[in-house]
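Number of protein chains: 2
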Amino acid sequence: MARILLVEDDISMGFLLVDFLESNGFDVKLYKDGKKGLEAFRKGKYDFCILDVMLPGMDGFTIAENIRQEDKKVPIIFLTARSMKQDKIKGFQLGVDDYITKPFDEDELLYRIKAILNRINLQEESSKEDITRFTIGSYQFDAANQNLEGNGFAKRLTQKECDVLKILCLSKNEIVKREDILIAIWGENDYFHGRSLDVFIAKLRKYLKEDESVSIENVPKVGFVLNG
Amino acid sequence: MARILLVEDDISMGFLLVDFLESNGFDVKLYKDGKKGLEAFRKGKYDFCILDVMLPGMDGFTIAENIRQEDKKVPIIFLTARSMKQDKIKGFQLGVDDYITKPFDEDELLYRIKAILNRINLQEESSKEDITRFTIGSYQFDAANQNLEGNGFAKRLTQKECDVLKILCLSKNEIVKREDILIAIWGENDYFHGRSLDVFIAKLRKYLKEDESVSIENVPKVGFVLNG
DNA sequence: CTTCTTTTAACATCGCCTTAACAACAGATA
DNA sequence: TATCTGTTGTTAAGGCGATGTTAAAAGAAG
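If you're matching them up, the sequences are chains A and G in order.
Here the first sequence stands for residues 1 to 228, where the numbers follow full-length UniProt numbering.
Here the second sequence stands for residues 1 to 228, where the numbers follow full-length UniProt numbering.
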């Protein structure tokens with residue numbers, strides 16, 4: 001679970017927050033002093049920081065500044081009794097992600113934390129590239145460019161040809177069910193789409209016939225296997 | 001620059017925001033009606049959404065729900081006169097990124113937008129933006145000077161001709177999706193902009209026909225490839 | 001106004017996908 | 001074995017949406 005660094009000098013507020021966040025599945029470390037908080041950040045690995053602005057030792061702005069110097073990404077939320085505009089602007093300029101004025105609603109804080117963490121997770125997910133290049137016997141298949149090339153031979157596939165071949169490639173040497181292909185590409189499994197699929201299989205077989213070690217095998221009433 | 005979809009029925013508030021955001025370098029589209037706003041989102045590609053909660057036609061929650069169905073990532077901020085806790089929680093559950101109650105401070109809104117965009121942009125790279133000179137077969141294309149020259153031949157390209165050719169050059173020998181070109185140049189993907197693109201492709205083909213090793217290949221229903 | 005660029009319109013053309021038609025095949029039944 | 005039946009293999013035709021192309025209208029800049 002996500003580790004949160006909380007720096008807050010008000011003891012009752014601090015424990016309240018720790019309780020609340022821990023009961024929501026976060027792993028929270030509480031520090032009451034600015035310098036100690038920053039020190040802890042440098043030593044440990046935190047996914048999230050919640051900083052009070054008014055602190056003994058070192059104020060929230062300074063902590064944020066220091067944190068940003070070594071970590072440009074870790075989300076930071078400020079807690080403040082003040083709702084002064086200048087304070088908020090200063091915070092955002094330091095790369096703070098959100099700003100919450102006391103007294104605040106715990107649930108709202110929770111949702112704001114979740115909103116920011118979600119954004120990070122989505123970002124990481126989308127940076128995973130999907131596989132687009134496959135080797136099929138002596139062929140090279142580039143799904144992104146809809147391009148199939150063998151020795152001397154090169155063919156630009158149509159979108160549907162490409163879709164079908166990609167699905168087969170993703171489960172090479174394994175059975176892919178007719179139904180799964182139909183649902184994935186056409187969104188429905190009926191007689192006519194089934195016949196369309198058969199037409200595309202025939203086309204792909206033609207393209208792939210140069211290398212006789214490659215074949216698209218039919219498993220009657222079940223589906224197809226790309227062997228190679 | 002970042003494109004913002006703003007849905008706000010209060011006319012004066014709407015224009016105020018548009019003015020303010022545009023003067024801060026954003027490209028803002030304003031819709032006063034919920035349904036129209038959602039429709040616009042589906043057609044164009046937006047980097048950011050700012051939705052009023054109370055709207056005629058379709059309320060902000062419903063818009064957000066629909067937007068989240070097709071785009072899990074685009075940041076959404078709610079504007080609301082109400083500061084009801086239940087409303088806020090509902091919003092965050094829909095995957096909203098922030099929640100701002102009216103009357104709000106424009107600068108604070110701006111910094112909140114920037115905070116969220118910063119988080120997204122941290123991982124993005126913009127290395128391709130600066131390239132301006134390309135070799136296309138026996139042609140030389142200088143995007144900065146909108147100049148295309150072949151043997152003996154030299155042609156000053158118009159802005160849009162240049163934009164289209166540049167995008168194709170940046171992914172030479174690779175498929176560039178129609179949609180991507182339309183979004184990059186026109187900001188939205190609809191029928192008429194699509195036909196405009198086809199017109200520009202025809203023009204570019206004419207300019208490039210001197211070297212027959214160069215071609216702009218159509219990949220039906222997907223996009224184009226600059227071969228050379 | 002003129003001049004240049006972009007969009008819209010109109011019509012021609014292309015080619016992908018579906019559908020149809022028939023052949024081949026496998027499995028079931030007797 | 002032969003026959004029946006449903007599935008798949010294969011090719012071809014046609015519809016229809018997408019694209020190619022040119023010209024006219026609209027827009028922008030001076």
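Even for Gly, the Cβ is constructed at its ideal location relative to N, Cα and C.
Within chain G, partners of residue i - CB distance below 9 Å
i, result
"A:D163", "None at all; the shortest Cβ gap to chain G is about 11 Å."
"A:L144", "With the sequence shown as reference, residue 144 of chain A is identified as Ala, and Leu is not the correct amino acid for it. Per Cβ cutoff of 9 Å: E174 and I175."
"A:F61", "Those do not exist, as A:F61 stays about 14 Å from chain G at its closest Cβ, beyond 9 Å."
"A:F20", "Ordered by position in chain G, no residue passes the 9 Å Cβ test against A:F20, which lies about 15 Å from the chain."
"residue 251 of chain A", "Given that chain A is displayed from residue 1 to residue 228, the structure contains no residue 251 of chain A and the question cannot be resolved."
"A:F15", "Correct list: empty, because the minimum Cβ distance to chain G is about 23 Å."
8 Å Cβ cut-off: residues of chain A touching residue i
i, result
"G:G95", "A115 and N118"
"G:F224", "The contacting residues do not exist; G:F224 stays about 12 Å from chain A at best."
Distance between beta carbons of residue j and residue i, contact taken as under 8 Å
i, j, result
"G:G150", "G:S138", "6 Å"
"A:N24", "A:L110", "6 Å"
"A:L226", "A:C169", "6 Å"
"G:I136", "G:V219", "Contact doesn't hold; Cβ gap of about 18 Å is too wide."
"A:R119", "G:R119", "6 Å"
Cβ pair residue i, residue j closer than 8 Å
i, j, result
"G:L5", "G:L17", "no"
"G:V164", "G:I175", "no"
"G:R178", "G:L208", "no"
"A:G228", "A:K172", "yes"
"G:D97", "A:A115", "yes"
"G:I63", "G:G44", "no"
"G:G14", "G:E8", "yes"
"G:F200", "G:K166", "no"
"G:R156", "G:Q146", "yes"
"G:F20", "G:E106", "yes"
Spatially closest choice to residue i from the options, by CA coordinates
i, options, result
"A:I67", "A:D27, A:P56, A:A40 and A:G57", "A:A40"
"G:G57", "G:D190, G:L168, G:C169 and G:L38", "G:L38"
"A:D27", "A:Y46, A:R3 and A:N189", "A:R3"
"G:G60", "G:F92, G:K73 and G:Y46", "G:F92"
"G:D47", "G:I113, G:E106 and G:Q146", "G:I113"
"A:D211", "A:C162, A:N189 and A:Q140", "A:Q140"
"G:R102", "G:D10, G:D71 and G:E217", "In the sequence on display, residue 102 of chain G carries Lys and not Arg. If we check each option's Cα against that of G:K102, G:D10 comes out closest."
"A:E108", "G:I131, G:Y99 and G:E108", "G:Y99"
"G:P75", "A:I185, A:K221, A:D130 and A:L117", "A:L117"
"G:A154", "G:K206, G:K73 and G:S12", "G:K206"
"G:K221", "A:A184, A:N121, A:T158 and A:D71", "A:T158"
Per-residue contacts from residue i into chain G (C-beta, under 8 Å)
i, result
"A:R68", "Near A:R68 there are no residues of chain G at all, since even the closest Cβ is about 11 Å away, more than 8 Å."
"A:Y207", "Ordered by position in chain G, no residue passes the 8 Å Cβ test against A:Y207, which lies about 16 Å from the chain."
Listed by chain order, chain A residues near residue i by CB distance under 9 Å
i, result
"G:K221", "T158 and Q159"
"G:F78", "Within 9 Å Cβ-Cβ: nothing; G:F78 doesn't reach chain A, min ~11 Å."
"residue 242 of chain G", "Lying before the first or after the last residue shown, residue 242 of chain G is absent from chain G, which here runs from 1 to 228."
"G:F200", "Per Cβ cutoff of 9 Å: no residues; G:F200 is ~22 Å from chain A at best."
Chain-ordered neighbours of residue i on chain G, where CB pairs are closer than 7 Å
i, result
"A:Y31", "Residues of chain G passing the Cβ test: none, with the nearest at roughly 24 Å."
"A:Y191", "Those do not exist, as A:Y191 stays about 24 Å from chain G at its closest Cβ, beyond 7 Å."
"A:Y139", "In chain order: nothing, as chain G lies at least about 18 Å away."
"A:F104", "Those within 7 Å of A:F104 in chain G number zero; the least Cβ separation is about 11 Å."
Interface partners of residue i on chain A, CB under 7 Å
i, result
"G:F41", "Those do not exist, as G:F41 stays about 18 Å from chain A at its closest Cβ, beyond 7 Å."
Kindly confirm or deny that the segment 70–84 of chain G and the segment 46–54 of chain G touch, where touching means at least three C-beta pairs closer than 8 Å. yes
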